[in-house]
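A.B. asks:
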Amino acid sequence: MEEPLVSVLLASYNHAPFVEAAVRSILSQSGVAFELIVIDDGSTDNSPQILERLSHEFGFYYKHRENRGLVQTLNEMLTLAHGKYFCTFASDDVMAPGRLAAQSQFLETHPEFAACAGQVKNLRSDGNLEDTVDLRYAKTQEATFEEILLGKAELHGATEMIVKEKFAAVGNYDKNFRFEDFPAWLALSYRYGKIPVLRTVCCYYRILETSMHRNLNFIYKQILAVIEKYKNHPAYSQAVALWKTRWFSSLAYNQKREALRKLPQLATCTKTFWMHFPKLFIPRIFLKY
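Okay, so the sequence shown: first residue is 541 according to my numbering, each after it adds one.
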């Protein structure tokens with residue numbers, strides 16, 4: 541078999557209704573040699589049976605074991621990866637056609653970069669795909685470390701493609717955090733410089749109410765813990781204030797009582813914070829998120 545240029549790492553967890561579509565969307569990629577590595581991280585639904593069947597049908601690496609968490613699972617799969625480049629993929633998303641070929645070709649012709657990102661279209665809860673890309677990520681063409689630290693440039697973790705050797709040099713995924721993408725983007729850009737964002741649509745990202753990213757307190761607390769690693773950077777204090785403001789603003793829109801409860805923790809003496817403060821008293825129906 542041809543040596544893979546790209547390794548796709550799929551960590552599966554309790555996505556039985558979606559995991560087969562995720563696997564088939566990956567295996568339908570063309571134009572580049574790639575491998576698929578799948579570990580089921582202790583699913584309690586019938587995901588393992590689905591993946592066992594698919595692995596026999598297509599011959600990709602598959603393993604089912606007890607739950608160890610996403611970050612440990614991704615690092616375990618990295619030890620099995622043979623590709624020069626790798627990307628991770630969620631077991632509830634759908635990979636857009638041509639994604640692996642487009643991103644690997646870009647990195648092959650731009651060896652100065654350690655990674656690249658791309659675009660997403662959202663899959664709504666009713667299963668319908670939105671017509672246009674998510675504008676939060678489309679506005680960025682390349683992201684510097686400081687822009688990522690300050691939240692000025694947003695990169696979607698489902699669109700990553702990373703040079704495996706360079707990622708190993710920054711320690712792979714940080715086991716101190718329960719999510720993977722934000723710490724990885726910071727580590728890579730801090731060491732290697734800016735990360736380009738291609739116009740290529742890489743993922744149809746499924747919006748689920750059970751998504752980890754719906755847990756605002758968890759996500760923002762983790763973000764503040766991540767950026768503390770860079771507390772000696774000149775922009776650190778500004779970053780703390782900005783992320784606290786984002787945390788408060790999100791709560792003031794979605795969970796007003798929780799925003800009031802966390803006000804002493806999140807309030808900062810910045811103009812930006814006090815511009816968002818009135819959201820606490822305005823009914824959600826009159827607010828833009």
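Yeah, the Cβ is synthetic: ideal placement off N, Cα and C, and Gly gets one too.
Which partner residues of F626 appear in the DSSP bridge assignment?
C.D. replies: Working through the sequence shown from its first residue, we reach residue 626 at position 86. In the DSSP output, where bridge partners are listed per residue, F626 has S547, I702.
A.B. asks: Shortest alpha-carbon distance to L591 belongs to which of N554, N755, A621?
C.D. replies: Taking the sequence shown and counting its residues from 1, one reaches residue 591 at position 51. The shortest Cα separation from L591 among N554, N755, A621 belongs to N554.
A.B. asks: Who are the Cβ neighbours of G711 in its own chain at under 6 angstroms, not counting the five residues just before and after it?
C.D. replies: Here the question's residue 711 lines up with position 171 in the sequence shown. So no residue of the chain qualifies.
A.B. asks: If we ignore side chains and look at the alpha-carbon of each, how far apart do L726 and L820 end up?
C.D. replies: Along the sequence shown, read from residue 1 onward, the residue named residue 726 stands at position 186. Along the sequence shown, read from residue 1 onward, the residue named residue 820 stands at position 280. About 31 angstroms.
A.B. asks: According to DSSP, K679 sits in a beta bridge with which residue or residues?
C.D. replies: Locating residue 679 in the sequence shown gives position 139, counting from the first residue. K679 pairs with nothing; no bridge assigned.
A.B. asks: Tell me the residue span of the beta strand (DSSP E) that contains A807.
C.D. replies: Working through the sequence shown from its first residue, we reach residue 807 at position 267. Unbroken run through A807: none, as it is neither H nor E.
A.B. asks: Expressed to the nearest angstrom, what Euclidean distance is found between the alpha-carbon atoms of T699 and Q778?
C.D. replies: For the purposes of this step, residue 699 is taken as residue 159 along the sequence shown, with counting starting at 1. For the purposes of this step, residue 778 is taken as residue 238 along the sequence shown, with counting starting at 1. Cα to Cα, the separation comes out at about 27 angstroms.
A.B. asks: Do I702 and A765 have their CB atoms nearer than 7 angstroms?
C.D. replies: Here residue 702 refers to the residue found at position 162 of the sequence shown. Here residue 765 refers to the residue found at position 225 of the sequence shown. Their beta carbons are not under 7 angstroms apart, which means I702 does not touch A765 by this criterion.
A.B. asks: For I566, which residues in the same chain have their Cβ closer than 6 angstroms to its Cβ, ignoring the five residues on either side in sequence?
C.D. replies: Stepping through the sequence shown from its first residue, residue 566 is reached at position 26. Taken in chain order, the residues that qualify are V548, L576, M635.
A.B. asks: Which runs of the alpha helix (DSSP H) at least 4 residues long sit entirely within the region 722 to 803? Give them in chain order.
C.D. replies: Qualifying alpha helix (DSSP H) stretches, in chain order: 756 to 767, 776 to 794, 796 to 801.
A.B. asks: Compute the Euclidean distance between the alpha carbons of Y730 and Y770, then round it to the nearest angstrom.
C.D. replies: What you label residue 730 is simply residue 190 of the sequence shown in a count that begins at 1. What you label residue 770 is simply residue 230 of the sequence shown in a count that begins at 1. Approximately 9 angstroms, taken between the alpha carbons.
A.B. asks: For the alpha helix (DSSP H) that E694 lies in, which residues bound it at each end?
C.D. replies: Locating residue 694 in the sequence shown gives position 154, where the first residue counts as 1. Premise fails: E694 is in no alpha helix (DSSP H) and is neither H nor E.
A.B. asks: Closer than 8 angstroms is the cut-off here; do at least three beta carbon pairs connect the region 657 to 674 with the region 597 to 615?
C.D. replies: Contact fails: fewer than three Cβ-Cβ distances are below 8 angstroms.
A.B. asks: Taking 6 angstroms as the limit between beta carbons, can you name the residues of its chain near M752, skipping five residues before and five after?
C.D. replies: Sequence index remark: in the sequence shown, residue 752 carries index 212 (1-based). Unreliable positioning characterises M752 in this predicted model, as indicated by a pLDDT of 49, which lies under 50. A coordinate reading is not provided.
A.B. asks: Put I688 into one of helix, strand or coil per three-state DSSP.
C.D. replies: Here residue 688 is taken as the residue at index 148 of the sequence shown, counted from 1. I688: helix per DSSP, three-state reduction.
A.B. asks: Excluding five sequence neighbours on each side, which residues of the same chain lie with their C-beta closer than 8 angstroms to the C-beta of Q681?
C.D. replies: To locate residue 681, count along the sequence shown from 1; it is residue 141. Here the set comprises P736, V737.
A.B. asks: List in chain order: all unbroken beta strand (DSSP E) runs of 3+ residues lying wholly within the region 591 to 619.
C.D. replies: As far as the region 591 to 619 is concerned, its whole beta strand (DSSP E) runs of at least 3 residues are 601 to 605.
A.B. asks: If you compare alpha carbons, which of R718, A642, F558 is closest to R739?
C.D. replies: Walking along the sequence shown from the start, residue 739 turns up at place 199. The shortest Cα separation from R739 among R718, A642, F558 belongs to A642.
A.B. asks: Can you tell me whether V634 is helix, strand or coil according to DSSP?
C.D. replies: Reading the sequence shown from its first residue, position 94 is the one you call residue 634. It is a strand residue.
A.B. asks: Can the beta-carbon of L695 be found closer than 7 angstroms to that of A724?
C.D. replies: Taking the first residue of the sequence shown as position 1, residue 695 is located at position 155. Taking the first residue of the sequence shown as position 1, residue 724 is located at position 184. No; because the gap between Cβ atoms is not below 7 angstroms, this pair is not in contact.
A.B. asks: Can you list, in chain order, the residues of its chain whose CB lies under 6 angstroms from that of S568, leaving out five sequence neighbours each side?
C.D. replies: In the sequence shown, counting from the first residue as 1, residue 568 sits at position 28. None.
A.B. asks: In chain order, which continuous runs of the beta strand (DSSP E) of length 3 or greater are located wholly inside the region 563 to 593?
C.D. replies: If we require 3 residues or more, the beta strand (DSSP E) runs fully inside the region 563 to 593 come out as 574 to 581.
A.B. asks: Helix, strand or coil, according to DSSP, for S488 in the structure here?
C.D. replies: As shown, the chain starts at 541 and ends at 829. That puts residue 488 outside it, with no answer to give.
A.B. asks: Inspect the beta-carbon positions of V563 and S644 and report whether they are closer than 7 angstroms.
C.D. replies: The count along the sequence shown starts at 1 and reaches residue 563 at position 23. The count along the sequence shown starts at 1 and reaches residue 644 at position 104. No, Cβ-Cβ distance for V563 and S644 is not below 7 angstroms.
A.B. asks: Just to confirm my understanding: we take D674, look at its own chain, exclude 5 residues before and 5 after, and list those with CB closer than 8 angstroms. What are they?
C.D. replies: Taking the sequence shown and counting its residues from 1, the one referred to as residue 674 is at position 134. Result list for D674: Q659, V660, K661, N662, H696, Y745, in chain order.
A.B. asks: Which two residues bound the contiguous alpha helix (DSSP H) that contains T672?
C.D. replies: For the purposes of this step, residue 672 is taken as the residue at position 132 of the sequence shown. Segment: none, T672 is in no alpha helix (DSSP H) and carries neither H nor E.
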